[in-house]
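> Please find one structure pasted underneath; my questions will follow.
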Amino acid sequence: MNILFDILLQKPLPDPWLQGLLFVAFTLHLLFVLFTLGTAMLAFSYMLRGHWGGSPRALRLAVRIAGSFMSHKSLAVVLGVAPLLLIQVTYTIPFFTGVTLFAPYWLAVIGLLIVAFLVFDLLAHRLEGSRFVALLMGIIGLVTLLIVPGIFVLILSVSEHPGNWLRIIDQGYRLQGPLLIHWLLRYLHVLGAALVFGAAFHYFFAAEGGEERRSLLRWLTAGTLLQVLLGIMLYGLLPIRPEMIANLCLFAGVAGCALFLWYLFTSSRGDDPLSLRTIVPMTLFILVAMLLTRQLIQNRAFLPVTAALEEKSRTHGQEIGAFARESLDRYQNKLAVVYDNGPTIYAQACAFCHGELADGAGPEAKNLAVPPENVAAVRTTAPYLHQILTQGVPGSAMPYFTFLDRNKLDSLTDYLNGRYQTIGKPGPLPADLTEATMGQAGQVYEQTCTPCHGQDGRGTEQSRGYRPPPPDLTAYSLTPQRTFQVISKGYPGTLMPGFAQLPEEMRWGLVQVVNGKRIP
6 MNILFDILLQ KPLPDPWLQG LLFVAFTLHL LFVLFTLGTA MLAFSYMLRG HWGGSPRALR
66 LAVRIAGSFM SHKSLAVVLG VAPLLLIQVT YTIPFFTGVT LFAPYWLAVI GLLIVAFLVF
126 DLLAHRLEGS RFVALLMGII GLVTLLIVPG IFVLILSVSE HPGNWLRIID QGYRLQGPLL
186 IHWLLRYLHV LGAALVFGAA FHYFFAAEGG EERRSLLRWL TAGTLLQVLL GIMLYGLLPI
246 RPEMIANLCL FAGVAGCALF LWYLFTSSRG DDPLSLRTIV PMTLFILVAM LLTRQLIQNR
306 AFLPVTAALE EKSRTHGQEI GAFARESLDR YQNKLAVVYD NGPTIYAQAC AFCHGELADG
366 AGPEAKNLAV PPENVAAVRT TAPYLHQILT QGVPGSAMPY FTFLDRNKLD SLTDYLNGRY
426 QTIGKPGPLP ADLTEATMGQ AGQVYEQTCT PCHGQDGRGT EQSRGYRPPP PDLTAYSLTP
486 QRTFQVISKG YPGTLMPGFA QLPEEMRWGL VQVVNGKRIP
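Be aware that the sequence shown starts at 6, since it is given in the working numbering, and climbs by one per residue.
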């Protein structure tokens, strides 16, 4: 497994696995790309022959051919995700360098495909309509579609020639000389393959009758001959002769191509149609052999760049390795100082709303519909405080801090308790109350407070759906002074109203009743 320190990532699989997956994924993707391009070119050609050559049969064939465009392009797009991701992981530097050098063209692929797909889908339903409309849509759709493989071939051609990267920049991000010719021949090679595979597919699945099959057979034969011619020219332009294994794959592909041409010429002289059982294995064998040759040649360009990067990474790793343990220890200590202590956690995560003095007067408090609580007045239990911190308070701005582990929760709890005595029960009332007042306060609680807070202070089934819901008074309370303030004025942003109309003694009695609900 390669370790690339420059991007701080490891490759998910060994290189041979990645290259094998890339080959399989790219082969499947390319197959349906060729079907898509071939379908578009053949449909346009037969549309011209039908509308402008006076051949109704050709127009009907164009309609049947165009009918498969949507399926082919959908599969081509879906199957294109895997090879695109794999080449980014396997050959990161070469691929992204090619993309960066011609970034405007790469980004244009999105718009070009949108236009091409929409226009061709529309054309497939309008082929037999106005010939001028069909011609216009055909030209727009075909041109935008055929530009896309040119851009992909451009990116791959540039990626495979790292020695030309600086020259491309010096030339104003343009191809010139042998590399330009290489790109052009390679692009035409893709279009020729598209004609071959498109004609072969529609020979079996779109053509009706001997005349239509003979027409597609001519396309199939011409496309194959074009492939042979372009292949010879591309091989002659290679700057370095391929290795033996690449030449063996190429020889196998050439032999398969020769046998394929012999089969086509033999069939064209007789009346026997082509056999699907013969065509499929022959064309797939040629495709696989040629793509293996292409990947082996591509690896010869990519692997030295990757190897140089890995060597640089290893050297860099050795240089910093002696300091790694020390750096990690210092970093861990820094984390402990910065994040693992209660005061810092409160200052960084709580003070914005609850204030530096925990009085609920933080800088953000004035912007909140439900004011933050005066934490200094809270008297609760450690488990309930942990629950509030990790689950938040629904309906308020109090979020959940699930990133706080148990140590951090305990540290924050200890800080609040040490400074504000947060953990515990509320203190005694500042005034003595008579038994009569307490009796009346109990009745007021029963009649007025029970519907929300419940008889036992845990809330009711209905009130637990409020946003925010009332607290569990058996585990959460406030100082007597703060409780008196809430009972008198209510709690803004919640359903808790104020009861300032009650006599002061009665309100203090309610404070005693409420705080008396605490169990722990």
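In this text, a Cβ means the ideal position worked out from N, Cα and C, and glycines have one as well. Predicted model, so just to flag it, every value in this text is computed and none were measured.
Drop a sphere of 10 angstroms on the beta-carbon of Ile12, count the other beta-carbons inside from all chains shown, and report buried for 16 or more, exposed for fewer.
Numbered from 1 along the sequence shown, position 7 holds the residue referred to as residue 12. Note that Ile12 scores 44 on pLDDT, short of 50, meaning its location in the model is unreliable; the coordinates nonetheless yield the value given after this. The residue is exposed, with fewer than 16 neighbouring Cβ atoms inside 10 Å.
> Quick one: measure Cβ to Cβ for Leu118 and Val153, integer angstroms, because I've assumed they're closer than 8 angstroms.
Residue numbering aside, residue 118 sits at position 113 when the sequence shown is read from its first letter. Residue numbering aside, residue 153 sits at position 148 when the sequence shown is read from its first letter. Yes, Leu118 and Val153 are in contact; Cβ-Cβ is about 6 angstroms, under 8 angstroms.
> What separation, rounded to the nearest whole angstrom, lies between the Cα atoms of Leu9 and Ile173?
As a first step, residue 9 is located in the sequence shown; it is residue number 4 there, counting from the start. As a first step, residue 173 is located in the sequence shown; it is residue number 168 there, counting from the start. With a pLDDT of only 43 at Leu9, under 50, the local geometry of the prediction cannot be trusted, and the value read off the model is given with reservation. Between Leu9 and Ile173, the C-alpha separation is close to 26 angstroms.
> Taking 6 angstroms as the limit between beta carbons, can you name the residues of its chain near Asn7, skipping five residues before and five after?
In the sequence shown, counting from the first residue as 1, residue 7 sits at position 2. The predicted position of Asn7 is uncertain, since its pLDDT is 42 and thus under 50; a value taken from the coordinates is nonetheless stated next. Excluding positions up to five away in sequence, the list reads Lys16, Glu315.
> By a C-beta neighbour count over all protein chains shown, 10 Å radius and 16 as the cutoff for buried, is Ser135 buried or exposed?
Counting from one through the sequence shown, the residue named residue 135 turns up at place 130. Exposed, by the Cβ-count rule.
> Quick one: grab the DSSP three-state call for Pro17.
By 1-based counting over the sequence shown, the position of residue 17 is 12. Coil, per DSSP.
> Report all residues from its chain with a CB closer than 7 angstroms to the CB of Ile70; omit the five preceding and five following residues, and keep chain order.
Indexing the sequence shown from 1 puts residue 70 at position 65. Result list for Ile70: Thr44, Leu47, Ala48, Tyr51, His207, Ala211, in chain order.
> By how many angstroms is the C-alpha of Ala294 removed from the C-alpha of Val529?
No information on residue 529 is available, as it lies outside the stretch 6 to 525 that the chain covers here.
> Does Val383 come out as helix, strand or coil in the three-state DSSP assignment?
As a position in the sequence shown, residue 383 is number 378, starting the count at 1. Correct three-state label for Val383: strand.
> For Leu531, report the span of its beta strand (DSSP E) as first-last.
Residue 531 is absent from the structure shown; the chain starts at 6 and stops at 525.
> Quick check on the DSSP output: the alpha helix (DSSP H) that includes Met403 runs from which residue to which?
The sequence position of residue 403 within the sequence shown is 398, counting from 1. Met403 -> no alpha helix (DSSP H), and no H or E assigned at all.
> Using a Cβ-Cβ cut-off of 6 angstroms (strictly less than) and excluding sequence neighbours within five positions of Leu35, which residues of its own chain qualify?
Taking the first residue of the sequence shown as position 1, residue 35 is located at position 30. Answer for Leu35: no residue qualifies.
> Among Ser482, Leu515, Thr386, Asp20, which has the Cα closest to the Cα of Gln445?
Numbered from 1 along the sequence shown, position 440 holds the residue referred to as residue 445. Answer by Cα proximity: Leu515.
> Any C-beta of chain B sitting closer than 8 angstroms to the C-beta of Gly203?
The displayed structure is made up of one protein chain only, and chain B is not part of it.
> Helix, strand or coil for Ile524 per DSSP?
What you label residue 524 is simply residue 519 of the sequence shown in a count that begins at 1. Here Ile524 sits in coil by DSSP.
> Less than 6 angstroms between C-beta atoms, sequence neighbours within five positions excluded: which residues of the same chain meet that for Leu42?
The sequence position of residue 42 within the sequence shown is 37, counting from 1. Here the set comprises Ala199.
> State buried or exposed for Ala374, treating a residue as buried only when at least 16 other CB atoms are found within 10 Å of its CB.
Residue mapping note: residue 374 aligns to position 369 of the sequence shown, counting from 1. Burial call: exposed.
> Give, in chain order, every unbroken run of the alpha helix (DSSP H) that is at least 4 residues long and sits entirely within the region 412-493.
Qualifying alpha helix (DSSP H) stretches, in chain order: 440-449, 455-458.
> Return the first residue and the last residue of the alpha helix (DSSP H) that Asp175 is part of.
One-based indexing of the sequence shown puts residue 175 at position 170. 170-175 is the extent of the alpha helix (DSSP H) around Asp175.
> Cα-Cα, which of Met287, Asp461, Gln490, Val82 is closest to Gly258?
As a first step, residue 258 must be located in the sequence shown, where it is residue number 253. It is Met287.
> Starting from Gly347, trace the alpha helix (DSSP H) in both directions and tell me its first and last residue.
Numbered from 1 along the sequence shown, position 342 holds the residue referred to as residue 347. Its alpha helix (DSSP H) spans residues 347-354.
> Does the beta carbon of Leu478 fall short of 7 angstroms from some heavy atom of the ligand ADP?
Absence of the ligand ADP from the depicted structure is noted, as is the absence of any ligand whatsoever, leaving it without description.
> Tell me which same chain residues have a C-beta within less than 7 angstroms of the C-beta of Ala356, skipping the five on either side of it?
Against the sequence shown, residue 356 aligns to sequence position 351. Around Ala356: Gly367.
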